[in-house]
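Taking our numbering, I'd label the letters of the sequence shown as residues 36 to 166.
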Amino acid sequence: MVPDCVLAAGVRVERDRKQVTVFLHEAISVQSLANLKDNGKIAVTLEHLPDHHAIQIKGTASRVAKANQQDIADATRFHSGFVKEIEYVGVAPRVSRRLAFLPCVAVTLRVEAIFEQTPGPKAGACIKGAR
């Protein structure tokens, strides 16, 4: 296993609110997907760019599969929102709109812990689980 970091196309909270699905671009996620096969562990950091509010979700993958139609629709919607956020903070549209996210893989994980990642005195604090 080799540590790896990739930009996801988006994240969907599942109906049970105990799982999330993250959408990973196939071409840039080869190492991450290999790591998931090795031990199933995954950490996902989510950030609201304008104010840098961030959390990290840690868990174990329960499903890794080629994205279905609903996954692609969700990934497309999330990607569109991401493009707007990075343009808001100064990334030129000619760059932001070229970011590829398809084809993607849907990785569903059972959330085991959530950590505060917003810069400041509470960064790293456990919000839920793994205390």
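Where a beta carbon is used, it is the ideal one built from N, C-alpha and C, also for glycine.
For the candidate residues the options, whose alpha-carbon lies nearest to that of residue i?
i: residue 80; options: 87, 91, 72 and 74; result: 91
i: residue 140; options: 58, 104 and 39; result: 58
i: residue 167; options: 113, 61 and 78; result: No answer is possible for residue 167: it lies beyond the span of the chain, which begins at 36 and ends at 166.
i: residue 149; options: 121, 142, 138 and 162; result: 162
i: residue 114; options: 44, 37, 153 and 107; result: 44
i: residue 71; options: 137, 107, 142 and 122; result: 142
i: residue 128; options: 136, 118 and 55; result: 118
i: residue 86; options: 104, 124 and 111; result: 124
i: residue 164; options: 145, 83 and 130; result: 145
i: residue 116; options: 84, 102, 96 and 93; result: 84
i: residue 66; options: 41, 55 and 82; result: 41
i: residue 111; options: 64, 74 and 136; result: 136
i: residue 147; options: 82, 95 and 38; result: 95
i: residue 73; options: 88, 36 and 151; result: 36
i: residue 54; options: 109, 82 and 97; result: 97
i: residue 39; options: 122, 52 and 63; result: 63
Give me the DSSP bridge partner(s) of residue i.
i: residue 89; result: 82
i: residue 149; result: 92 and 163
i: residue 43; result: 59
i: residue 48; result: 55
i: residue 141; result: 58 and 100
i: residue 107; result: Answer is none; residue 107 lacks a bridge partner.
Helix or strand or just coil, what does DSSP make of residue i?
i: residue 64; result: coil
i: residue 157; result: coil
i: residue 72; result: helix
i: residue 125; result: coil
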